[in-house]
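For the sequence shown, this note's numbering gives the first residue as 698, with consecutive numbering after it. Positions of the beta carbon are idealized from the N, C-alpha and C atoms, including for glycine. All figures in this text were calculated on a predicted structure; none of them were measured in a lab. Encoded as C-alpha cells, the structure appears first; notes follow it.
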Amino acid sequence: MALLGIIDVDAFTQTCYHVVLQVWATVPSPVRVLIRPKDLLAYLIFRTSYSRVLRLGYSVQSFLTRVLRRPLPPPAYLQSVLGFLEPRFAQLSQVTGLIYLVNVGISGLSLIDLQIRPGLDKLFTKIAYTAYAGYFCNELRRFILPRWFPKLAEDKRRIYIVDRSSTVVIWTVTSILILDLVSQFFKVPLSSSLALGGVGGVAVGLAAKDVVSNFMGGIMLLLTEPFTPGDMITFLFQGVWIIGKVERVGWYQTRVRNRDTRPVYVPNAFFVSTMVTNMDRITHRKFEADFMIQLDSFEHVEPLLEDIKVSLQLFPKLDLLSPFRAHLVGVGEDGLKVNVLCYFATKSLDEFLDLQQRAYVEVSRCIEIRGLTWAFPRRTIDVRPRELGSLMVEGMVEDAMSRQGAAATRKPRKLSPRKIRRITGTPVPPPAGGDGGVVEADSNPNPNPNPSGGASPN
C-alpha cells in the first residue's frame, strides 16, 4: 500500500501506453496489416477467459442458492445452462480463430497486389458468425425442450415432430440470412439471388434426382408421421419382409434394426410408395385357429363350441366387443373343421404369444373333456391275402407268354452269300443277279444238315 502511494498509477499507465505505441510504430506497416492486433487481442481474451467466467458464475449461483436457502439445489455443472454454454463457447473460440486466420490470409493477398474485392474479410466474418448462430440456436433448442416442456418430452411422437420442424425452420432462416449477406455484398437484390438459387436448385435436382427424392421422402415422413424412432414396423423391401425397430429417421435414409440386430438402411423415397405396418400403434392382436375333430362327432359339436367360448371368456385380455366366434366351418374327408376367432387387447408380442399358448391349451382341454380326439389325415390300403405258390406260377406264365409274343413278332433275317458260306462251310454259287445277292436264311443253321455226309442241296 505504501508503494502504491508513492507511485502515481495514472502516470505509470500513460507511460506504458506510450511505450507500447512507440514499439508498435517500429513494426513495418505490412506486418501490422497482417497481424490485425484488434482481432488477435479479442481472440486471445475470449479464448483464455470464457471457461473461468462460466465456472465463476456457477460458483456464484451455488453461493446464492445456499444464502437464500432455496429448497432445490442447483443442478450439476454439466447439466446447468452454464455447463451447456462452455463447450459451445469452446467451439465459438475455434470459429473465431478460423476467422482470424482467413482474414490474415485475405490481407496477405491484398498486399501482393491481387484484385480482391474490398470488404471480403467482413463478409466472411458475418457468414461464419451467422452460421454459428444457427448451430447455437439448434443446440439450445435441444437443451431447452426436454427441460422446460417435460410433458412434451414424454410423448416421443410430438417431440419428434417439434424437433424436426424446428430444425428445418432454424436452418431455413439461417440460409436466407446468409444469402441476404451475399446479396448485399454483391449489390444484388435478394429476390434475384433467390431466383438464381431456384434455377441452381432445379439443375442440381435433375442431376441428383435420387438424392432429392429421398430428401422429399424425409419431409413427407415428417409431415405424415407413419412412424417415429422407437416404433416397431413391418414392410416388404425387395421381396423380403422386414420386421424391426426404427432407430433413426434421417433426411436421406431411415435406419431399422431387425430382429437379428442387423441394421437395415432404407431410402426415404421407398416409404412414399409402399405399405408400412406400425406394430406400436395397433390396439389388438388377433387369435385365429383352425383344427379338425373326428367325423363321428356331430352330436358333440355344439357343446364343444360352447365350452370353448366359456373358457376363452375367462381370459383377462379378451376383448368381447371385438369379433368373438367359434363355429363349425366345414366337413372334410378326414374330420370336422372348427374355426375359433377372438381378439386380445394387447400390443406386446410376448404377452400375445403367452395368451395364444393358453388358448391352444384350453381348446385341447375342452376336446378331451368331451371325449373327442383330433382328426388326422387318413389313407386306406387294401391288401388281399394270396398264396405264394399261385403268385410264382402266375409270374412264370406271364413271362412265357411274353417270350412267345416276342418270338412271333420277330422278322426273318436276310443273310448275304458270304455269311451263308461261312456258316455252312460249303461253297454257294452266286445267284443269277451276280455276286452280292441276298437270300433268305434257313431256319436251321446247321453247318452239316445232310446226315449221310453228302453235299448239302442248294
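| Can you tell me where the beta strand (DSSP E) with A986 in it begins and where it stops? | Position 289 of the sequence shown, counted from the start, is the residue given in the question as residue 986. R982 to I990 is the extent of the beta strand (DSSP E) around A986.
| query | Okay, do the region 778-788 and the region 804-812 touch, 3+ Cβ pairs below 8 Å being the bar? | reply | With the cut-off at 8 Å, the region 778-788 and the region 804-812 do not touch.
| In whole angstroms, what separates the C-alpha of F1021 from that of L1009? | To locate residue 1021, count along the sequence shown from 1; it is residue 324. To locate residue 1009, count along the sequence shown from 1; it is residue 312. Take the alpha-carbon of F1021 and the one of L1009: they are about 10 Å apart.
| task | To the nearest angstrom, report how far apart V1028 and S994 are at their CA atoms. | result | As a working note, residue 1028 is residue 331 in the sequence shown. As a working note, residue 994 is residue 297 in the sequence shown. Roughly 11 Å between the two C-alpha positions.
| request: Would you kindly work out how many angstroms separate the C-alpha atoms of H1024 and L1002, rounded to a whole number? | output: Indexing the sequence shown from 1 puts residue 1024 at position 327. Indexing the sequence shown from 1 puts residue 1002 at position 305. C-alpha separation (whole angstroms): 7 Å.
| field | Extent of the continuous alpha helix (DSSP H) run through P784 | value | On the sequence shown, position 87 is the one that residue 784 refers to. Where P784 is concerned, the enclosing alpha helix (DSSP H) stretches over V778 to L808.
| Own chain partners of Y1040 with C-beta closer than 6 Å, once the 5 adjacent residues on each side are dropped | Here the question's residue 1040 lines up with position 343 in the sequence shown. Correct list, in chain order: H981, K983, D1016 and S1019.
| task | Determine the extent of the beta strand (DSSP E) in which E944 is found, giving its start and end residues. | result | As a working note, residue 944 is residue 247 in the sequence shown. V937 to V946 is the span of the beta strand (DSSP E), which, as asked, contains E944.
| query | Is it true that the CB of D1031 sits closer than 8 Å to the CB of A1072? | reply | Taking the sequence shown and counting its residues from 1, the one referred to as residue 1072 is at position 375. Taking the sequence shown and counting its residues from 1, the one referred to as residue 1031 is at position 334. Cβ distance < 8 Å, so A1072 and D1031 count as in contact.
| said: Pull the bridge partners of F934 from the DSSP assignment, please. | reply: Numbered from 1 along the sequence shown, position 237 holds the residue referred to as residue 934. Note: F934 is bridge-paired with V937 in the DSSP secondary-structure output.
| Short Cβ contact (8 Å threshold) for V973 with P923 | Within the sequence shown, numbered from 1, the residue matching residue 973 stands at position 276. Within the sequence shown, numbered from 1, the residue matching residue 923 stands at position 226. A distance below 8 Å separates the beta carbons of V973 and P923.
| field | Reduced DSSP secondary structure (H/G/I, E/B, other) of Y949 | value | In the sequence shown, counting from the first residue as 1, residue 949 sits at position 252. In the structure shown, Y949 falls within a coil segment according to DSSP collapsed to helix, strand and coil.
| said: Quick check: does the Cβ of K942 come within less than 7 Å of any heavy atom belonging to the ligand PLP? | reply: The ligand PLP is not among the ligands present in this structure, which contains no ligands whatsoever.
| said: I want to know whether the region 907-916 touches the region 930-940 - three or more CB-CB distances under 8 Å. | reply: The region 907-916 vs the region 930-940: no contact.
| query | Do the region 811-820 and the region 841-857 touch if we need at least three Cβ pairs shorter than 8 Å? | reply | Result no; under three Cβ-Cβ pairs closer than 8 Å.
| request: Leaving out five residues on either side along the sequence, give the residues of the same chain with a beta carbon under 8 Å from the beta carbon of T710. | output: Stepping through the sequence shown from its first residue, residue 710 is reached at position 13. Residues of the same chain with a CB within less than 8 Å of the CB of T710, apart from the 5 flanking positions on each side, do not exist.
| request: Select from V870, T871 and L842 the residue whose C-alpha is nearest the C-alpha of Y857. | output: As a working note, residue 857 is residue 160 in the sequence shown. It is L842 whose Cα lies nearest to the Cα of Y857.
| How about L918 and V946: are their beta carbons less than 8 Å apart? | The sequence position of residue 918 within the sequence shown is 221, counting from 1. The sequence position of residue 946 within the sequence shown is 249, counting from 1. The answer is yes: Cβ separation under 8 Å.
| request: Label D1047 either buried or exposed according to how many other C-beta atoms from any shown protein chain fall within 10 Å of its C-beta, with 16 as the threshold for buried. | output: In the sequence shown, residue 1047 corresponds to position 350, counting from 1. Its Cβ having fewer than 16 others within 10 Å, D1047 is exposed.
| field | Residues near P960 by beta carbon distance below 6 Å, same chain, minus five either side | value | Here the question's residue 960 lines up with position 263 in the sequence shown. So the qualifying residues of the chain are R952 and R954.
| field | Proximal residues to T871 (C-beta, below 6 Å), its chain only, five neighbours per side dropped | value | As a working mapping, residue 871 is identified with position 174 in the sequence shown. Cβ neighbours of T871 within its own chain (closer than 6 Å, five residues either side excluded): G831.
| Does DSSP put F1041 in a helix, a strand or coil? | Indexing the sequence shown from 1 puts residue 1041 at position 344. Looking at F1041 - three-state DSSP - the assignment turns out to be strand.
| query | If you compare alpha carbons, which of S1045, Y1057 and N835 is closest to V1037? | reply | In the sequence shown, counting from the first residue as 1, residue 1037 sits at position 340. The shortest Cα separation from V1037 among S1045, Y1057 and N835 belongs to Y1057.
| field | For Y747, the first and last residue of its enclosing alpha helix (DSSP H) | value | Here residue 747 corresponds to residue number 50 of the sequence shown, with the count starting at 1. For Y747, the enclosing alpha helix (DSSP H) starts and ends at P734 to L765.
| query | By how many angstroms is the C-alpha of L765 removed from the C-alpha of R752? | reply | Counting from 1 along the sequence shown, the entry for residue 752 is found at position 55. Counting from 1 along the sequence shown, the entry for residue 765 is found at position 68. Whole-angstrom Cα-Cα distance: 20 Å.
| query | What are the partner residues of W1071, as DSSP defines its beta bridges? | reply | In the sequence shown, counting from the first residue as 1, residue 1071 sits at position 374. Looking at the DSSP assignment, W1071 forms a beta bridge with I990.
| task | Please name the residue, chosen from V866, V963, E944 and D957, that lies closest to Q950 on a Cα-to-Cα basis. | result | Position 253 of the sequence shown, counting from 1, holds the residue named residue 950. Out of V866, V963, E944 and D957, V963 has the C-alpha closest to the C-alpha of Q950.
| Which of helix, strand or coil DSSP assigns to G1192 | No answer is possible for residue 1192: it lies beyond the span of the chain, which begins at 698 and ends at 1155.
| task | Quick one: residues in its chain with C-beta nearer than 6 Å to the C-beta of Y829, no 5 flanking neighbours on either side, listed in chain order? | result | Here residue 829 refers to the residue found at position 132 of the sequence shown. If we look at Y829 and ignore the five residues flanking it on each side, its Cβ neighbours are V792.
| field | Reduced DSSP category for M929 - H, G, I as helix; E, B as strand; rest coil | value | Position 232 of the sequence shown, counting from 1, holds the residue named residue 929. M929 carries a strand assignment under DSSP once its states are collapsed to helix, strand and coil.
| query | Per DSSP, R1022 forms a beta bridge with which residues? | reply | For the purposes of this step, residue 1022 is identified with residue 325 of the sequence shown, where counting begins at 1. Partner residues in the beta bridge of R1022, as assigned by DSSP, are L1038.
| message | Is the beta carbon of I796 closer than 8 Å to that of A825? | response | The sequence position of residue 825 within the sequence shown is 128, counting from 1. The sequence position of residue 796 within the sequence shown is 99, counting from 1. With respect to I796, A825 sits close: the two C-beta atoms are nearer than 8 Å.
| message | Assuming contact is defined by CB atoms lying nearer than 8 Å, are S777 and P770 in contact in what I supplied? | response | Position 80 of the sequence shown, counting from 1, holds the residue named residue 777. Position 73 of the sequence shown, counting from 1, holds the residue named residue 770. No, the pair does not count as a contact, with Cβ atoms beyond the cut-off.
| request: Taking 8 Å as the cut-off, decide whether the C-beta atoms of R827 and L874 are in contact. | output: Within the sequence shown, numbered from 1, the residue matching residue 827 stands at position 130. Within the sequence shown, numbered from 1, the residue matching residue 874 stands at position 177. Sequence inspection shows Thr at residue 827; the Arg mentioned does not correspond to that position. Between T827 and L874, the C-beta spacing is below 8 Å.
| I think L798 touches F882, with their Cβ atoms under 8 Å apart; what is that distance to the nearest whole Å? | As a first step, residue 798 is located in the sequence shown; it is residue number 101 there, counting from the start. As a first step, residue 882 is located in the sequence shown; it is residue number 185 there, counting from the start. Going by Cβ atoms, the distance from L798 to F882 rounds to 20 Å, so no, they are not a contact pair.
| field | Three-state secondary structure assigned by DSSP to G1133 | value | Locating residue 1133 in the sequence shown gives position 436, where the first residue counts as 1. Low confidence applies to G1133: its pLDDT is 44, below 50, so where it sits in the model is not reliable, and the reading given next is rough at best. Looking at G1133 - three-state DSSP - the assignment turns out to be coil, as it is neither helix nor strand.
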